[in-house]
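Position 252 of the sequence shown, counting from 1, maps to 251 under my numbering, and the rest follow consecutively.
We put the CB at the ideal spot given by N, CA and C, even for glycine.
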Amino acid sequence: MDANAAESSAGTQVTADATAQDEDQVVNPWEVKATSRIDYDRLVTHFGVQRITPAQIERIARVTGKPCHPWLRRGIFFAHQDLDFFLDLHEQGKPFYVYTGRGPSSEAMHIGHLVPFQFTKWLQDAFGCLVVIQMSDDEKCYFKDLPPELAARYTIENSKDIIACGFDPARTFIFSNMDYAGMNKRVLVRLRADTTFNTVRGLFGFDGSHNLGQVGWCCEQEAPAFSEYFPKLFDRRDVPCLVPLAIDQCPFFRSARDRPKASNGWVKPGVIAAKFLPALEGESGKMSASGDSPTLYLTDTAEEIRRKVLRFAFSGGGATLDEHRRNGADLSVDVPYHYLRFFEDDDAELARVAAEYGAGRMTTAEIKTILIGKLVAVVSAHQRARAAVTDSVLAAFFSDEGKRV
Ligand code: TRP
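Structure, rendered in structure tokens:
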């Protein structure tokens, strides 16, 4: 029995709302797996979000005066809640803030973890907004059994990777959820008073075997989406909050939007949601640092990246060179091509690779070599930026002083 289909004491099945689940696909905040490719249409319906339309992508470019991030144009950030409301605010010159987070479950982050943070950094530049980042170290103690001391260390190490994405220290506040004491706890009190065990059982499938940290976690992840939580950063409780996230995290914010009792002049948070970077072995899961499958870490050397891509990246190329030359590659399942959609910013180069490889003129070995070059460039640039994150840089990001909106 897992957390997604807990048995209630009456013996009836509880299917968790926060889990988009059927025989071949399970997606919830703590687990992502599928027997074949992840069906994002089903997730959109299940999590109650909308697809981002081409008209909205144009509108983002128009109101920001900046070219849209390739991940928007390529449908990687693909779903939203209330996006137009935030674009309206920006047009009217009214502030909103951006909130995202990271559960520091391991010392080294992997390249998939860059996706929400690089995109959040782009939002900061494009909209000029304040960014708050919750390091949910306590979440990992509750859900992954990490000792608090270890989780605290991972918070520091992972924060360096996040800072290396290029955030502006004057407009970014990073906090350890375990250690930060400057918040307005009344926000949590309201949320907790508004949350029954029946609600979290229905939402997440929790039962009597789940610990109190797990049972109460949703309030902790929701609270930073309300500006009242940060008395040093905001003097109002109605500064709207937009949350960039991977789609599995949507249930928290659906819950946050549905808080009529707790709501205290708060504004419903909006979300902008991404697809997962597929695992090297194929599209049925996301890249993970905790499973057994091969992972591309941000600490990897060029040689390690090369070896893992050559050995493990699932190929949509033909079974033999002959067949490949005749039929071309199946781009829809080809991991090197999918990774280039994430990491090759140049649309013309991506289109060239798709045409050549799709037609079988480019081989699997060739596309893998192109991908290796790209990943080595991304990872080594990241490592250089991370090495520049000194203790005083960290301290600047972990301070909530002088960042008032
Ligand atoms: N729960 C997320 C994780 O396990 C981390 C997180 C905390 C988060 N707050 C968030 C993610 C807000 C998106 C938005 O990684």
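Please say whether residue j and residue i have beta carbons closer to each other than 8 Å?
| i | j | result |
| --- | --- | --- |
| G359 | L330 | no |
| F85 | P239 | yes |
| Q244 | G269 | A small correction: the amino acid at residue 244 is Leu; Gln does not occupy that position in the sequence shown. Going by C-beta atoms, L244 is not nearer than 8 Å to G269. |
| M177 | D206 | no |
| V352 | Y338 | no |
| K260 | D344 | no |
| M134 | S175 | yes |
| H89 | V62 | yes |
| D23 | A33 | yes |
| E221 | A255 | yes |
| C249 | F118 | no |
| K285 | P293 | no |
| E365 | F313 | no |
| I75 | L374 | no |
| L202 | D16 | yes |
| K402 | L129 | yes |
| A78 | C67 | no |
| D167 | P28 | no |
| L232 | D399 | yes |
| I371 | V308 | yes |
| P115 | A273 | yes |
| R310 | D160 | no |
| G204 | T44 | no |
| Y153 | E106 | yes |
| V31 | L42 | no |
Going by DSSP, what residues sit across from residue i in a beta bridge?
| i | result |
| --- | --- |
| F342 | Beta-bridge pairing links F342 to no other residue. |
| N27 | E30 |
| A78 | R50, A272 |
| D21 | Q24 |
| Y405 | No information on residue 405 is available, as it lies outside the stretch 0 to 404 that the chain covers here. |
| I173 | I132 |
| K285 | P277 |
As a quick exercise: from the options, pick the residue whose alpha carbon is nearest that of residue i.
| i | options | result |
| --- | --- | --- |
| Y96 | F229, L71, V43 | F229 |
| R189 | E148, T171, G204, G264 | G264 |
| Q213 | F116, P115, F275, K143 | K143 |
| G327 | M182, S379, M361, I161 | M361 |
| G315 | E322, V334, R185, E138 | V334 |
| R50 | W29, P28, C67, D81 | D81 |
| T363 | R324, V378, S379 | R324 |
| G215 | T198, K231, E227, S226 | T198 |
| T300 | F225, H381, V266 | H381 |
| I173 | C217, I304, G100, I37 | G100 |
| V408 | C217, R305, R185 | For the chain, the structure presents residues 0 to 404; residue 408 sits outside this window and is missing. |
| A163 | Y141, M108, A150, Q91 | M108 |
| R236 | K267, F252, C217 | K267 |
| L349 | P69, S226, Y141 | P69 |
| A394 | V26, K65, I155, P147 | I155 |
| V392 | K307, S158, K274 | S158 |
| H209 | E138, E303, A150, D257 | E138 |
| P94 | H112, A125, M182, L71 | A125 |
| A347 | T368, A19, R73 | R73 |
| R170 | N183, G127, L211 | G127 |
| Q55 | T18, A384, D87 | D87 |
| S226 | V186, V31, R253 | V186 |
| F275 | H112, L149, R383, T368 | H112 |
| K120 | G165, Q20, Q91 | G165 |
| C217 | G64, E148, R253, S262 | R253 |
| M182 | R200, L149, D234, F196 | D234 |
| Y98 | V388, R383, T368, F251 | F251 |
| V48 | I271, K184, D257 | I271 |
| T195 | T368, A376, L211 | L211 |
| S262 | R191, D321, A318, L320 | R191 |
Could you check whether the Cβ of residue i sits closer than 8 Å to any Cβ belonging to chain B?
| i | result |
| --- | --- |
| P168 | The structure shown has no chain B; it contains just one protein chain. |
Next on the checklist: Threshold first: 4 residues or longer. Then list the alpha helix (DSSP H) segments lying entirely within the segment 205-283, N to C.
Outcome noted: 211-221, 249-256
Item to check | Check your reading: residues with Cβ closer than 5 Å to ligand 1 heavy atoms | outcome: T99, G100, G102, Q133, S135, Q220, L244, Q248
Next on the checklist: Quick check on the DSSP output: what are the complete beta strand (DSSP E) runs of length 3 or more inside the segment 94-154, in order along the chain?
Outcome noted: 96-101, 130-134
Checklist entry - Where are the alpha helix (DSSP H) runs, 4 residues long or more, that stay fully inside the segment 178-203, in chain order? => result 184-192, 196-203
Checklist entry - Considering only residues of the segment 315-397, which uninterrupted alpha helix (DSSP H) runs meet the minimum length of 4 residues and lie entirely inside it, listed in chain order? => result 320-326, 334-342, 346-357, 363-386, 390-396
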